[in-house]
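Heads up: the sequence shown is residues 2 to 429, going by the numbering used here.
The beta carbon of each residue, even a glycine, is placed where N, CA and C say it ideally should be.
Quick notes on the structure that follows.
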Amino acid sequence: MIGMMTKIFGGWLVAILSGFPLYAAMALAALAFIVSAGMPLTILPQRMAGSINSFPLIAAPLFILMGNILAAAKITDRIVTFASAVIGWVRGGYAHASIVTSMIFAGMVGSAVADAAGSGAIEIRAMRNAGYKPETAASITAAAATIGPIIPPSLPMVIYGVSADVSIGKLFIGGVIPGVLMGVALMLMVAVVARREGMGRSPFAGFRAIGKAFVDCFFAIMTPVVILGGMFSGFFTPTEAAAVACLYALFLGFVVYRTLEFRQLGPILIETAETTGIVMVLVMAAGALGWCISISRLPQTLTPMILSAIDNPLVFLLLVNVLLLIVGCFMEALSAMLILIPILVPAANSYGIDPIQFGVMVVLNLIIGTVTPPVGVVLFVVTRIAEIPFETMARAILPWLIPLLAVLAAITLWPPLTTFLPRLMMGG
Numbered sequence: 002m003i004g005m006m007t008k009i010f011g012g013w014l015v016a017i018l019s020g021f022p023l024y025a026a027m028a029l030a031a032l033a034f035i036v037s038a039g040m041p042l043t044i045l046p047q048r049m050a051g052s053i054n055s056f057p058l059i060a061a062p063l064f065i066l067m068g069n070i071l072a073a074a075k076i077t078d079r080i081v082t083f084a085s086a087v088i089g090w091v092r093g094g095y096a097h098a099s100i101v102t103s104m105i106f107a108g109m110v111g112s113a114v115a116d117a118a119g120s121g122a123i124e125i126r127a128m129r130n131a132g133y134k135p136e137t138a139a140s141i142t143a144a145a146a147t148i149g150p151i152i153p154p155s156l157p158m159v160i161y162g163v164s165a166d167v168s169i170g171k172l173f174i175g176g177v178i179p180g181v182l183m184g185v186a187l188m189l190m191v192a193v194v195a196r197r198e199g200m201g202r203s204p205f206a207g208f209r210a211i212g213k214a215f216v217d218c219f220f221a222i223m224t225p226v227v228i229l230g231g232m233f234s235g236f237f238t239p240t241e242a243a244a245v246a247c248l249y250a251l252f253l254g255f256v257v258y259r260t261l262e263f264r265q266l267g268p269i270l271i272e273t274a275e276t277t278g279i280v281m282v283l284v285m286a287a288g289a290l291g292w293c294i295s296i297s298r299l300p301q302t303l304t305p306m307i308l309s310a311i312d313n314p315l316v317f318l319l320l321v322n323v324l325l326l327i328v329g330c331f332m333e334a335l336s337a338m339l340i341l342i343p344i345l346v347p348a349a350n351s352y353g354i355d356p357i358q359f360g361v362m363v364v365l366n367l368i369i370g371t372v373t374p375p376v377g378v379v380l381f382v383v384t385r386i387a388e389i390p391f392e393t394m395a396r397a398i399l400p401w402l403i404p405l406l407a408v409l410a411a412i413t414l415w416p417p418l419t420t421f422l423p424r425l426m427m428g429g
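Right under this line is the structure:
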């Protein structure tokens, strides 16, 4: 069956290169395997349906809904104002504020695309008005958006946790320190670039202005506190936390800030359904293909081969990093994750690598791919917002990958950066 699976993978790659949608190519590869193995065709829909029959997976559409509610309620405007008041007075202050905004927003939506789309227009406009180069403003916004899926909550970590059978709560906590490090690393990069490009600084707004901005966005900032506090106290599970987050977002929009109207709920639900449909069809197709990979015993064959060729867990992690960084340049993060998890996770377990460390590392790798050409989805979003050519954006983002790769190297080399908080707060 391994030889047959290898041939089917070759056909799958041809289908992808021919322009087939990724979910269709995965489903066709699974179908080809089932037909070649002489199995009943009814297995395919059964396996596709079974792959989304998961209680934790319910969190995915709920977190998507929460992000859409917060965006429609224009919560990001208040957060940007607060971040600018706090740090906008230093050299390159608007760039620093953009990063701080993304760190706060990350604790609310858990998506790089939502972060870039939700706050990107405001941040880029503020930086351009302050005299920043358009491509610099766009690059900072794009790089900062990668923090979104690392600081909890995180849609990719929900998908990874379900697919790899890893605690979603521990994955969430494991992303806190790396997410903060990403923000700090980007701000250090801003400090260097600000002097080189002669970025200015705005006058200090005063503590009264900071206090007013904080009060204006206090309830929005409390979103991650509500989500994480409820999970760690045992009051609700990560899946239930997503539902609570949606209710809290509605409360902010309708009661606290009154920036949301009932007529907006229809478009919000439609957009959520569209995004959820894309995510779920990928999960279904990848689930069926993953089942085919499993029964073909491809992982069971590859794992001993990897173990015999590589006797050092660190070398394995470094090679996985290289592989995922390359894959991330050409494939959407969730799709790549769903395809590679059945192959990489068994090998990582055989090396005794902590599943939380490996999970955060995989997610960070593929999220970096969202800001790398040629198919980085965040690059396309920010390019459209900033109204600059994609080629210009692709060149400008390259230096900003350095701090992100530095954090990736840190969590690869030092596991406690991802494992300390989960063990401290959740045990195990």
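Which of helix, strand or coil DSSP assigns to residue i
| i | result |
| --- | --- |
| K171 | helix |
| D116 | helix |
| V87 | helix |
| N366 | helix |
| W401 | helix |
| G377 | coil |
| N313 | coil |
| R92 | coil |
| W78 | The residue asked about is misnamed: residue 78 is Asp in this sequence, not Trp. Note: D78 maps to helix in three-state DSSP. |
| A33 | helix |
| E388 | coil |
| S103 | helix |
| I152 | coil |
| P416 | coil |
| P179 | helix |
| A38 | coil |
| I354 | coil |
| P22 | coil |
Closest Cα partner of residue i within the set the options
| i | options | result |
| --- | --- | --- |
| A1 | T142, L315, M49 and V87 | Absent from the model: residue 1. The displayed extent of the chain is 2 to 429, so no value can be given. |
| T240 | S103, V159 and D78 | V159 |
| C247 | A74, I151 and V181 | A74 |
| T102 | A349, I148 and N69 | I148 |
| T276 | T43, L63 and A50 | L63 |
| V216 | T371, N54, M426 and I80 | I80 |
| A30 | T371, G162, I294 and V91 | I294 |
| M223 | L266, A107 and A117 | A107 |
| T384 | M332, V87, P343 and A144 | A144 |
| A38 | G94, T273 and I296 | I296 |
| T260 | P22, F34, L42 and D78 | D78 |
| I76 | I398, D355, V257 and A242 | V257 |
| G360 | V372, T371 and P343 | P343 |
First and last residue of the uninterrupted alpha helix (DSSP H) at residue i
| i | result |
| --- | --- |
| G51 | I44 to S52 |
| S336 | A334 to S351 |
| S140 | P135 to A146 |
| A165 | L156 to A165 |
| A131 | No alpha helix (DSSP H) holds A131; DSSP gives it neither H nor E. |
| L63 | A60 to A73 |
Inset, instruction - Report the residue ranges of all beta strand (DSSP E) runs contained in full by the stretch 181-264; include only those spanning at least 3 residues, in chain order. - result: none
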